[in-house]
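Colleague: Chains as they are written, first to last, in this note's numbering: chain A, 1 to 487; chain B, 488 to 974; chain C, 975 to 1461; chain D, 1462 to 1948. A virtual CB, placed ideally from N, CA and C, is assigned to each residue, including glycine.
4 protein chains.
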Amino acid sequence: MARDNDDLDLDADRLREECGVFGIFGHSEAAAITTLGLHALQHRGQEACGIVTFDGARYNSERRLGLVGDTFSRREVIERLPGSQAIGHTRYSTTGGTILRNVQPLFAELEGGGFAVAHNGNLTNGLTLRRELIARGSIFQATSDSEVILHLVARSTREKFIDRFIDALFQIEGAYAFVGLTNHMLVGARDPLGIRPLVLGELDGCYILASETCALDIIGARFVRDIENGEVVVITKDGVESLKPFPRVPPRPCIFEYIYFARPDSIVHGRSVYAVRKSFGAQLAAEAGIEADVVVPVPDSGVPAAIGYAQAAGLPYELGIIRNHYVGRTFIQPTQAIREMGVRMKHSANRSVIEGKRVVLIDDSIVRGTTSVKIVRMMRDAGAKEVHFRISSPPITHPDYYGIDTPDRENLLAARMDLEAMRAYMGADSLAFLSVDGVYKACGYDQRDPVRPQFTDHCFTGDYPTFLTDVVGEGAKQQFSLLAEAS
Amino acid sequence: MARDNDDLDLDADRLREECGVFGIFGHSEAAAITTLGLHALQHRGQEACGIVTFDGARYNSERRLGLVGDTFSRREVIERLPGSQAIGHTRYSTTGGTILRNVQPLFAELEGGGFAVAHNGNLTNGLTLRRELIARGSIFQATSDSEVILHLVARSTREKFIDRFIDALFQIEGAYAFVGLTNHMLVGARDPLGIRPLVLGELDGCYILASETCALDIIGARFVRDIENGEVVVITKDGVESLKPFPRVPPRPCIFEYIYFARPDSIVHGRSVYAVRKSFGAQLAAEAGIEADVVVPVPDSGVPAAIGYAQAAGLPYELGIIRNHYVGRTFIQPTQAIREMGVRMKHSANRSVIEGKRVVLIDDSIVRGTTSVKIVRMMRDAGAKEVHFRISSPPITHPDYYGIDTPDRENLLAARMDLEAMRAYMGADSLAFLSVDGVYKACGYDQRDPVRPQFTDHCFTGDYPTFLTDVVGEGAKQQFSLLAEAS
Amino acid sequence: MARDNDDLDLDADRLREECGVFGIFGHSEAAAITTLGLHALQHRGQEACGIVTFDGARYNSERRLGLVGDTFSRREVIERLPGSQAIGHTRYSTTGGTILRNVQPLFAELEGGGFAVAHNGNLTNGLTLRRELIARGSIFQATSDSEVILHLVARSTREKFIDRFIDALFQIEGAYAFVGLTNHMLVGARDPLGIRPLVLGELDGCYILASETCALDIIGARFVRDIENGEVVVITKDGVESLKPFPRVPPRPCIFEYIYFARPDSIVHGRSVYAVRKSFGAQLAAEAGIEADVVVPVPDSGVPAAIGYAQAAGLPYELGIIRNHYVGRTFIQPTQAIREMGVRMKHSANRSVIEGKRVVLIDDSIVRGTTSVKIVRMMRDAGAKEVHFRISSPPITHPDYYGIDTPDRENLLAARMDLEAMRAYMGADSLAFLSVDGVYKACGYDQRDPVRPQFTDHCFTGDYPTFLTDVVGEGAKQQFSLLAEAS
Amino acid sequence: MARDNDDLDLDADRLREECGVFGIFGHSEAAAITTLGLHALQHRGQEACGIVTFDGARYNSERRLGLVGDTFSRREVIERLPGSQAIGHTRYSTTGGTILRNVQPLFAELEGGGFAVAHNGNLTNGLTLRRELIARGSIFQATSDSEVILHLVARSTREKFIDRFIDALFQIEGAYAFVGLTNHMLVGARDPLGIRPLVLGELDGCYILASETCALDIIGARFVRDIENGEVVVITKDGVESLKPFPRVPPRPCIFEYIYFARPDSIVHGRSVYAVRKSFGAQLAAEAGIEADVVVPVPDSGVPAAIGYAQAAGLPYELGIIRNHYVGRTFIQPTQAIREMGVRMKHSANRSVIEGKRVVLIDDSIVRGTTSVKIVRMMRDAGAKEVHFRISSPPITHPDYYGIDTPDRENLLAARMDLEAMRAYMGADSLAFLSVDGVYKACGYDQRDPVRPQFTDHCFTGDYPTFLTDVVGEGAKQQFSLLAEAS
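#1: Kindly indicate if chain A contains any beta-carbon less than 8 Å away from that of residue 545 (chain B).
#2: Report the partner residues of residue 1507 (chain D) according to the DSSP bridge assignment.
#3: Tell me, please, whether the segment 1138-1156 of chain C touches the segment 1107-1115 of chain C by the rule of three or more beta-carbon pairs shorter than 8 Å.
#4: Would you call the CB atoms of residue 704 (chain B) and residue 1784 (chain D) closer than 8 Å?
#5: Only counting the same chain, and skipping five residues up and downstream in sequence, which positions put a Cβ closer than 7 Å to that of residue 1812 (chain D)?
#6: Among residues of its own chain, excluding the 5 on either side of residue 1781 (chain D), which ones have a beta-carbon nearer than 6 Å to its beta-carbon?
#7: Is there a Cβ from chain C that is less than 8 Å from the Cβ of residue 1930 (chain D)?
#8: For a contact meaning CB atoms closer than 7 Å, what does residue 913 (chain B) contact in chain D?
#9: At what residue ranges does the segment 142-228 of chain A contain a whole run of the alpha helix (DSSP H), taking only runs of 4 or more?
#10: Measuring CA to CA, which of A:57, A:92 and A:105 is closest to residue 34 (chain A)?
#11: How many whole angstroms separate the CB atoms of residue 1529 (chain D) and residue 1571 (chain D), which I take to be in contact at a CB cut-off of 8 Å?
#12: On a CA-only basis, which of B:876, B:786 and B:921 is nearest residue 833 (chain B)? Give me that one, please.
#13: Do you know how far the Cα of residue 305 (chain A) is from the Cα of residue 469 (chain A)?
#14: To which residues of the same chain is residue 1028 (chain C) closer than 6 Å at the C-beta, ignoring the five residues directly before and after it?
#15: So, does the segment 436-451 of chain A touch the segment 281-295 of chain A, judging by three or more C-beta pairs under 8 Å?
#16: For residue 1830 (chain D), I'd like the list of residues in its chain whose CB is within less than 6 Å of its CB, leaving aside the five on either flank, ordered along the chain.
#17: Given a cut-off of 8 Å, decide if residue 805 (chain B) and residue 1768 (chain D) are closer than it, judged by their beta-carbon atoms.
#18: Alpha carbon to alpha carbon, what distance is there between residue 1182 (chain C) and residue 1066 (chain C)?
#19: DSSP on residue 297 (chain A), reduced to helix/strand/coil?
#20: Between residue 1506 (chain D) and chain B, is any beta-carbon pair separated by less than 8 Å?
#21: Mind listing, in chain order, the continuous beta strand (DSSP E) runs of no fewer than 3 residues lying wholly within the segment 1703-1782 of chain D?
#22: Relative to the C-alpha of residue 911 (chain B), which candidate in B:660, B:588, B:800 and B:863 has its C-alpha closest?
#23: Can you pull the chain A neighbours of residue 638 (chain B), defined as C-beta to C-beta under 8 Å?
#24: Span of the beta strand (DSSP E) holding residue 1524 (chain D)?
#25: Helix, strand or coil, according to DSSP, for residue 1500 (chain D) in the structure here?
#26: Could you tell me the distance, in whole angstroms, from the CA atom of residue 1506 (chain D) to the CA atom of residue 813 (chain B)?
#27: So which residues of chain C does residue 1424 (chain D) contact, with C-beta pairs closer than 9 Å?
#28: Distance, Cα to Cα, residue 357 (chain A) vs residue 387 (chain A)?
#29: Quick one: does residue 1319 (chain C) have its CB under 8 Å from some CB of chain A?
#30: Could you compute how far the alpha carbon of residue 1869 (chain D) sits from the alpha carbon of residue 1861 (chain D)?
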């Protein structure tokens, strides 16, 4: 699930998500634990990360570009983060430059004290709100949509912080999992549909909020429960209080957490991600099995589905593509010939299991399709007799607006071509995707409920679950700032 | 005039000023010219610097810790700063950490476009205003007093930018020279008393604002005139417009520009700084001359006054103290013995002109007096027969609140001791300061006008020229933020 | 096969090898190709790397600490390496500090021109020769054993370079694969037993030498043949000349290339490394199979053997341990509690496939055994009903002196304990190693030939294939230098 | 005396010297004291520096590019340099790249122990010896001439170290001040003519060797005496032993130490450098005085001579050129216009003392004359009525081969033009140099002794004091290496 910038990379054609969040209340090692939690959530965003702690008197903040381990493994950084309350954020930025002032947690000094907040998701009316707030004299420091929540809280006329926060939540649309810190509480919130995940854990009697259970596992914390869709939790020294300010609707979590984003060892909404991915593979074998000699995963994201497929199909699972773990930055190629060699810097065919074989190649999804071409060619170059490409999710035909970085529609392969055209483009002998209903079956449902779909799945169906105010209104253009600053 | 952090340094006991500002409108090389201008103003602040340009569509900002030459000498930095309008700032921070978000120019996106601003001076009601603005829902990003101007402009209910800006100026107290940039204009402003300097220049038909004339000289620009006290200038493609929104009062510029801050080759209010400093020395010789063999300056700030003293007294001027230009950071001393050796890292006695001589030692001012002790001892160790210390300004007895970093009153030597006690503390054979009236005489006045003093001179007299709202009110405590962030 | 410094890492208990080498003669993109070749050999050494090119007039050298991609991906570095001849080296240092002057290729200016050389292996009489050379007035610049070859060549009284080189080879003992560059030739050499590997390839009519075939694959080069044991090859513009100066003996390559070092997609001595590792797993299932529910590899080195075991045993292969790819440097732990959490930074149990299961855990080798304890405990914590540890190589009982970094004998688990004691120490329900003869069977032999063993296998058998002059003589102490230098 | 790389700098046309050396024996703070000593000698070389200590068991070395303060001010660096014996070196490199392996002290492990050495000067047969040593099988690591001394000592057939060292000295020609360290002694040596300086000092009962007395002053050490020409001193725990292996000849020190190199507060051969420079100025006034209004030094090197001139001529000394101390790296100019502005980054005219005046401009020497043109123009631009250029040393007509970096003869202004042509080229109203005999008079001699000149003065006279083997022989080409390495 490594996601690098190298466009020669097989990982270049992955979806990317914006963020992971983490928070802990009342632990003497709050910053160190948050560091570990963010490290476990690193797959959700690798461009920047930050931690804010509160030590009873001051908020202490460290926000940096780069990986968690680059910054927070240093003792002096942890020592600059005293306090027993902490929240953290790890970020992949979808739009705008990756600049320091966009790195979260964001912070504001309110009249009654401080407020730090970290956000996973995307607001579909962020630009509209930003424009309104600027007209009223608010000054924004960052270019991300997340900053509006700070201003809405600061501008709220309610007295108590939690009322101001809920006041702000009622004004925003879209997908969010928030963790926030004030002088007196750790607060968490999920959007009304529960599009982005958030879980509650417990360690040494202290409560924790995190995007995934793997962030609890790394610190040995106990998983308590998922935060529900539309729920606001307030964690203080007196424990956890649950508020449900929104009208109750059934949850509709994002299906891509199972397909690609979540770590395989996480438990999302009661299901093992690894097990679901194996089920996708098994269902795919049932829907689109074919005579073959070996099942080969596209590493690393295709591995669980390939194991599932191989077990269901009774075929041998083999490492037909070897990943080279030693890749730092992109090689600056002097010539075209060298550039082409560079394709093999990250992955190489394991000829001994490919040559003369009928290969079933398993990947988890196809976005632009650019690397699929390369990987089929790599199999052919290694002597594959046949290459059957199987994708353990349906064709992606629509962009996302809830925190997944999808290309524009015209760049989505499945929005541009039908199945046969895609197969021909890739050069595969056959191509098949998991069906939409197959996704739901693998998750234990009979089928997709067309009235109240159990998942947010618009990327496959075009069925967007909320208003898209910025998209349809004046905010349709990309979010922007008048200010360009490199750091 | 180098001012380093080394507390073993003879420069350790200097006053420090907060800032230099620069702006240019309509020049194709705006960023490069601003870099040169800031470089010439580097003596006004060495901790951080920044430039913001406007290219007709976007504001481009580079703000960094360190010297101008550290960042802006790089081609790629200048290339990130396109546009023909630019303002810049070089900073010494008096309070709070030196952190990136305090580095100016500050920027805000207003409803009608952007606004960048750079400030030299200090607001005496900055904390009070900050507190009020936070109560109304404004969010501050920096810990400096300068940010209030942004919020006051953003909150103003007036229509046109210049009216909003003047609206804001009426709410602030203290000392300021502002340069600001909007989508359509370069704006400059000096406080009603003209405490901090600001000059207007012209190059290739483009107007320039700068703290000192030396910033015009470096780029070969023509000096047009001083901006007047209480004047607001609006520079657009149509030229310079002068506004005088405040009731007219006589100017009262800060005397320390002549004594220490301004570069000797600058012309401040029509007077050559070098010539004024020589006059201070000559006046000192007239007031407190003594039989001696050589006149020795404390380098480099005592040099012009020493030349003036030597010429007036008919004594030979000699380099009795040699400055070592190669000093980077402070040596981390392993032991006390090494620490004491380190005193000689920056300066050494030139024994050949000291030994057996009666030495008149000239310095421009005494703050804490800590290095004066060392320098007298250095003269004695080099064999001086007599050491007569002469200071080319009066005793500093009161702290500043207008942008000069003075220690608390209890740390000002002249606030704690009388003349004889100071002499004994330093170990000099005699000690004399220039008189307050002597300062005015050297500047061409008969004497200080006690009713309407011609200069801001409270450090010598305690006569503060404005209200000190934050000092006397609730804001009396140091300016602060709930947030601690290292970068 | 990532090998980090983190002692909490499951990879902490791996063997480490010293080096990979690469050379190319006559290609216009020599430096860029060598960079790619070294990148493919990065698994053989991650501490430092270097490239030397010859451009017909000068030798151009870049030697740096860190990974190949850290340095050589930069265009300006490649541009500093003109010339169509190049050799490169990637290094793991077994003894002494990792300092720049030890980084290879090493270079000497001889009377007739330059000589650059890169060495994979270890000389067993390096210290003895060094001492003799110093006594004769040679000055060493590095602390590695490899530098003696330079001095032996420089001191040789023969006329032609190749005679001087062979003269030097006759004086050294131990394991080596050398690639060297002179003004006129690329030279390669393997020690008389062929302990360390070296292959010949061809690209665009240019000959290449490399430690493994994966370095040929990355650049699309053709594999020509293995360099034979005791062979010296001279590559000039006239082609490849083969010299066999040593008495012929059967080859005896190091078995650890198959077990651990070589990349799975490499072909070593005609065998696919991946296929051999699967055979080790299959043979292990045959020798020590057990009733179980799942086969789980210790990632990543146990994967091929686990697939082989699972296929042979008819058991499901599952990813029971998830590797986190985002690990930079070691987390500096503030407390013991945090330190213990840190164990899970790199690997986590995938509870959904472990809980309630009888697990066969497959690893490729055990050195100190320290991480084996942790991994068994991780399985138990995740709810495993039974944990059966199976190792796809024999117990390591003896240290290596040929370029593998083994701990002292007293730190080798299998040298200290018998099988049952090891099982108890690890806390496994059962433990089994592949037999020595099983290794040979998996490689296609009936058994180990006790008279002329087909492999160098002293780590399992104590049967060292050469003299150990430095070990038994005065040189018994660790190689050292009087000079300590940090860079 | 700052010497930067900026070719827009008035300092761009200075001579540069190779090195300063320092050594101390038997002091518990040896590394810290050596750091201070090197800091005081920083003016002798700013490109690199190094310290080697011996702690009784190991030699500890730190060698870095950059200033002393950049590296050695850090506690961890000093802690890596334990031991009570230390030598250090600060370097300006005349030829070849500035690369780490050229940074001194150099080190060799000899049969009987280690030997570290630092060299100020230049060997005139260094290339010839290098070629001979390579032919005998020695391997050089650096490209500087200094390394031959190591090999000559290593190759010597004598028994005792000091005999080997003297053996080596007899083989080298040219200028040298060496400080060396072995397991048992600190050794110092000056060439037979004493071209480069070396002094003996004492601190806390420990002996010190240093290039100049200012390195003694900084640590509070007592000046004992100059090391004599041709003297070798051996410092052990038993004290100082003086050896005089060479035939005695009168000393002939380099006159440029007085003119430019030495720090003004140093005492060289019994004379105050500052006083000698003032005498040069006074003598110049006697030889070439002229009617004028002010005397203005070219900062900083012209200051003492200008004071001497002004006092002798009875004219006012004024700071007509202001130096800006804040200059880091060269500004990368986007356009020619900006480039021309950049000339004023380091120096600016102080118009108030220039305008309408007849100016006597004093500089210490002219090399290429390129900056003299700029400085005269700067005076004219500032309104000078007349500009009379006076140089306090004779015209430089011949290159140096003893450690001063002079341009080739064709680039020396005075080798290409007569006086009137130089005056016209500079644009001055008059131009005069100090006469050769004037130099000797200012130093207390009646005149230059044409048979046995009291100084090494070939730059003015062409009278080289030693053989120039490399220049006239095959070594005539610049010293070189086959190896190019950036670091």
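Modeller: A quick look at the data gives this:
#1: Along the second sequence, one-based indexing puts residue 545 (chain B) at 58. Answer yes: the Cβ-Cβ gap between residue 545 (chain B) and chain A drops below 8 Å somewhere.
#2: Along the fourth sequence, read from residue 1 onward, the residue named residue 1507 (chain D) stands at position 46. The partner list for residue 1507 (chain D) (beta bridge, DSSP) is empty, contrary to what the question assumes.
#3: no
#4: For the purposes of this step, residue 704 (chain B) is identified with residue 217 of the second sequence, where counting begins at 1. For the purposes of this step, residue 1784 (chain D) is identified with residue 323 of the fourth sequence, where counting begins at 1. No.
#5: Sequence index remark: in the fourth sequence, residue 1812 (chain D) carries index 351 (1-based). Contacts found: 1843 and 1844.
#6: Within the fourth sequence, residue 1781 (chain D) is the residue found at index 320, counting from 1. Once the five neighbours on either side are set aside, the close Cβ partners of residue 1781 (chain D) are 1757, 1811, 1814 and 1815.
#7: Within the fourth sequence, residue 1930 (chain D) is the residue found at index 469, counting from 1. No, residue 1930 (chain D) does not count as interfacial toward chain C.
#8: Stepping through the second sequence from its first residue, residue 913 (chain B) is reached at position 426. Going along chain D, no residue has its Cβ under 7 Å from residue 913 (chain B), so there is no contact; the nearest lies around 21 Å.
#9: 147-155, 161-171 and 214-217
#10: Numbered from 1 along the first sequence, position 34 holds the residue referred to as residue 34 (chain A). When only C-alpha atoms are compared, the closest one is A:105.
#11: The count along the fourth sequence starts at 1 and reaches residue 1529 (chain D) at position 68. The count along the fourth sequence starts at 1 and reaches residue 1571 (chain D) at position 110. The C-beta separation of residue 1529 (chain D) from residue 1571 (chain D) comes to about 28 Å, leaving the pair out of contact by the 8 Å criterion.
#12: Taking the second sequence and counting its residues from 1, the one referred to as residue 833 (chain B) is at position 346. Ranking the options by Cα distance to residue 833 (chain B), first place goes to B:786.
#13: Sequence index remark: in the first sequence, residue 469 (chain A) carries index 469 (1-based). Sequence index remark: in the first sequence, residue 305 (chain A) carries index 305 (1-based). Taking the straight line joining both Cα atoms gives about 37 Å.
#14: Within the third sequence, numbered from 1, the residue matching residue 1028 (chain C) stands at position 54. So the qualifying residues of the chain are 1057, 1059 and 1155.
#15: yes
#16: For the purposes of this step, residue 1830 (chain D) is taken as the residue at position 369 of the fourth sequence. The answer, listed in chain order, is 1874.
#17: Numbered from 1 along the fourth sequence, position 307 holds the residue referred to as residue 1768 (chain D). Numbered from 1 along the second sequence, position 318 holds the residue referred to as residue 805 (chain B). In this structure, residue 805 (chain B) lies closer than 8 Å to residue 1768 (chain D) by Cβ.
#18: As a first step, residue 1066 (chain C) must be located in the third sequence, where it is residue number 92. As a first step, residue 1182 (chain C) must be located in the third sequence, where it is residue number 208. Cα to Cα, the separation comes out at about 22 Å.
#19: Here residue 297 (chain A) refers to the residue found at position 297 when the first sequence is read from its first residue. Residue state, collapsed to three classes: strand.
#20: As a first step, residue 1506 (chain D) must be located in the fourth sequence, where it is residue number 45. No - not a single Cβ of chain B is within 8 Å of the one on residue 1506 (chain D).
#21: 1755-1758
#22: Locating residue 911 (chain B) in the second sequence gives position 424, where the first residue counts as 1. Answer by Cα proximity: B:863.
#23: On the second sequence, residue 638 (chain B) is found 151 positions in, with the first residue counted as 1. Result: 137 and 139.
#24: Along the fourth sequence, one-based indexing puts residue 1524 (chain D) at 63. From DSSP, the beta strand (DSSP E) with residue 1524 (chain D) extends over 1520-1526.
#25: Here residue 1500 (chain D) refers to the residue found at position 39 when the fourth sequence is read from its first residue. Helix.
#26: In the fourth sequence, counting from the first residue as 1, residue 1506 (chain D) sits at position 45. In the second sequence, counting from the first residue as 1, residue 813 (chain B) sits at position 326. Whole-angstrom Cα-Cα distance: 11 Å.
#27: Outside the shown range of chain D, which is 1462 to 1948, sits residue 1424 (chain D), and nothing can be said about it.
#28: Here the question's residue 357 (chain A) lines up with position 357 in the first sequence. Here the question's residue 387 (chain A) lines up with position 387 in the first sequence. Going from the Cα of residue 357 (chain A) to the Cα of residue 387 (chain A) covers about 9 Å.
#29: Indexing the third sequence from 1 puts residue 1319 (chain C) at position 345. Yes - at least one Cβ of chain A is within 8 Å of the one on residue 1319 (chain C).
#30: In the fourth sequence, residue 1869 (chain D) corresponds to position 408, counting from 1. In the fourth sequence, residue 1861 (chain D) corresponds to position 400, counting from 1. Taking the straight line from one Cα to the other gives about 9 Å.
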